[in-house]
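The structure under discussion appears below in the form of structure tokens.
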């Protein structure tokens, strides 16, 4: 902590100003990248925490941001072509509470979806169903508010089921198939083993596990001493 | 959801009003009780999620609530003599963000302490150390605001280490001793196994596991199909 008696070095001041600007400009970062795990396969394993975020259709983007609106890139995500956009919306639930500044991930999709942690669901008053992206049958909705207008989402609010993106090479390395469940062990001061990490195969993905902020915080991923994906 | 076309039954209306009043009056409930697990020992096991909360000294209570202030009981907790008080404070961290309405648990203690989940720490900008209650060496502080005044806490903000309260009979049943670490397996759609559940012996406690909201949400305790405490 800096107290009134501490002489301030120019470098320290510069660092503080940069940090404040970064916090203000970038805000909440949608995914937090963690060190790669070299697992003996052809691809290293990456475990990423997905913070709450939104996917939108082109049509819904226009409702929120105005006619002709396009997503603009803030930063690339780990999967090729996916990015955190500069666009953010406010999410309002049935308790009339709001989570401001929830980032939209690009590119646009053929469905609009809000992915929240259970902590967010309790705050907003939404009983979140556990789903894989795009499976919206029987899911609740919410209200999204953008600078141009509000969107009444009738469905599509979920907690994403923890999952691992795998290329066919990765399936072979781990001896699993699409839809299987694996386990992820995190060693460290808050160590735990996640069951039911769902395998999702795609020919153009990089090996990557997605957990949400509740899960990433429960095991305090930043202090992990070892991460192991296994059956 | 109730739509404008749904005829409203008197009972439904009454239930809704009661729920709203309960939510408004009681607010955030500090611990959420879950079904007991009959483990073959003399005492059933209870797993409780501790929501963020505060402990205070008599002196700090007076700073926050005025001279002569006393904690008044809102509701009993599972351990004999412990209670959620009616008193709540606002917690402010270095990002100048506030978490309002954090409940004080009674009775007063010989230290003031704030127990938060990592999700709260990220929001407030506090890098929470993982501690057992009362161990405050090198821990950060924060500002507490009550109706009478603000308190500059110099230290005592922690994430509580997951733990199990055990009577000497429970130590014998599980074959462990004070300070040991055990594992807690939660089966269900968000199943996982927590490592490092610390054993805390006391001659007057009831067998009870405490995890925080990040942990309770990561495994979605309400949908648990089995809970097992083991070595």
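Residue numbers (our numbering), protein chains in the order written: chain A, 1 to 231; chain B, 1 to 231. Quick reminder that beta carbons are idealized off the backbone N, C-alpha and C, glycines included.
Limits of the alpha helix (DSSP H) - the one that residue i falls within
{"i": "residue 122/B", "result": "118-124"}
{"i": "residue 213/A", "result": "213-218"}
{"i": "residue 157/B", "result": "Residue 157/B -> not in any alpha helix (DSSP H); beta strand (DSSP E) instead, spanning 157-160."}
{"i": "residue 150/B", "result": "Per DSSP, residue 150/B belongs to no alpha helix (DSSP H); it is in the beta strand (DSSP E), 150-153."}
{"i": "residue 176/B", "result": "Counting along the chain, residue 176/B falls outside any alpha helix (DSSP H), and DSSP gives it neither H nor E."}
{"i": "residue 64/B", "result": "58-65"}
Bounding residues of the beta strand (DSSP E) (the contiguous stretch that carries residue i)
{"i": "residue 100/B", "result": "98-106"}
{"i": "residue 207/A", "result": "First-last for residue 207/A: undefined, no H or E at that position."}
{"i": "residue 184/A", "result": "181-187"}
{"i": "residue 76/B", "result": "73-76"}
{"i": "residue 144/A", "result": "142-145"}
{"i": "residue 86/B", "result": "83-92"}
{"i": "residue 164/A", "result": "163-166"}
{"i": "residue 48/B", "result": "45-50"}
{"i": "residue 53/B", "result": "53-55"}
{"i": "residue 230/B", "result": "226-230"}
{"i": "residue 113/A", "result": "113-115"}
Minimum C-alpha distance to residue i - residue among the options
{"i": "residue 131/A", "options": "92/A, 179/A and 190/A", "result": "179/A"}
{"i": "residue 108/B", "options": "59/B, 43/B and 151/B", "result": "59/B"}
{"i": "residue 43/B", "options": "127/B, 169/B and 124/B", "result": "169/B"}
{"i": "residue 175/B", "options": "199/B, 86/B and 79/B", "result": "199/B"}
{"i": "residue 201/B", "options": "208/B, 167/B and 159/B", "result": "167/B"}
{"i": "residue 110/A", "options": "61/A, 48/A and 68/A", "result": "61/A"}
{"i": "residue 187/B", "options": "82/B, 227/B, 152/B and 68/B", "result": "227/B"}
{"i": "residue 86/B", "options": "185/B, 133/B and 101/B", "result": "101/B"}
{"i": "residue 47/A", "options": "208/A, 217/A and 146/A", "result": "208/A"}
{"i": "residue 203/B", "options": "177/B, 138/B, 99/B and 152/B", "result": "177/B"}
{"i": "residue 270/B", "options": "223/A, 225/A, 36/A and 218/A", "result": "The first residue shown for chain B is 1 and the last is 231, placing residue 270/B beyond what the model contains."}
{"i": "residue 98/B", "options": "182/B, 72/B and 126/B", "result": "126/B"}
{"i": "residue 84/A", "options": "95/A, 72/A and 91/A", "result": "72/A"}
{"i": "residue 90/A", "options": "152/A, 160/A and 135/A", "result": "152/A"}
{"i": "residue 184/A", "options": "134/A, 221/A and 76/A", "result": "221/A"}
{"i": "residue 189/A", "options": "223/B, 189/B and 159/B", "result": "159/B"}
{"i": "residue 146/B", "options": "224/B, 69/B and 37/B", "result": "69/B"}
{"i": "residue 173/A", "options": "231/A, 133/A, 136/A and 137/A", "result": "231/A"}
C-beta contact flag for residue i and residue j at 8 Å
{"i": "residue 197/A", "j": "residue 164/A", "result": "yes"}
{"i": "residue 122/B", "j": "residue 142/B", "result": "no"}
{"i": "residue 211/B", "j": "residue 155/B", "result": "no"}
{"i": "residue 93/A", "j": "residue 128/A", "result": "no"}
{"i": "residue 117/B", "j": "residue 214/B", "result": "yes"}
{"i": "residue 53/A", "j": "residue 103/A", "result": "yes"}
{"i": "residue 144/A", "j": "residue 74/A", "result": "no"}
{"i": "residue 39/A", "j": "residue 171/A", "result": "no"}
{"i": "residue 105/A", "j": "residue 82/A", "result": "yes"}
{"i": "residue 206/A", "j": "residue 88/A", "result": "no"}
{"i": "residue 191/A", "j": "residue 120/B", "result": "no"}
{"i": "residue 41/A", "j": "residue 148/A", "result": "no"}
{"i": "residue 57/A", "j": "residue 112/A", "result": "yes"}
{"i": "residue 193/B", "j": "residue 193/A", "result": "yes"}
Proximal residues of chain B, C-beta to C-beta of residue i below 8 Å
{"i": "residue 117/A", "result": "119 and 217"}
Cross-chain neighbours of residue i in chain B, by beta carbon under 9 Å
{"i": "residue 100/A", "result": "Simply none; closest approach about 11 Å."}
Closer than 7 Å at the beta carbon, the chain B residues around residue i
{"i": "residue 130/A", "result": "189 and 190"}
Contacts of residue i in chain A (Cβ-Cβ under 7 Å)
{"i": "residue 220/B", "result": "118"}
Next on the checklist: For the segment 191-215 of chain A, list every residue whose C-beta sits within 7 Å of some C-beta in chain B, in sequence order.
Outcome noted: 191, 192, 193, 194, 195, 196, 213, 214 and 215
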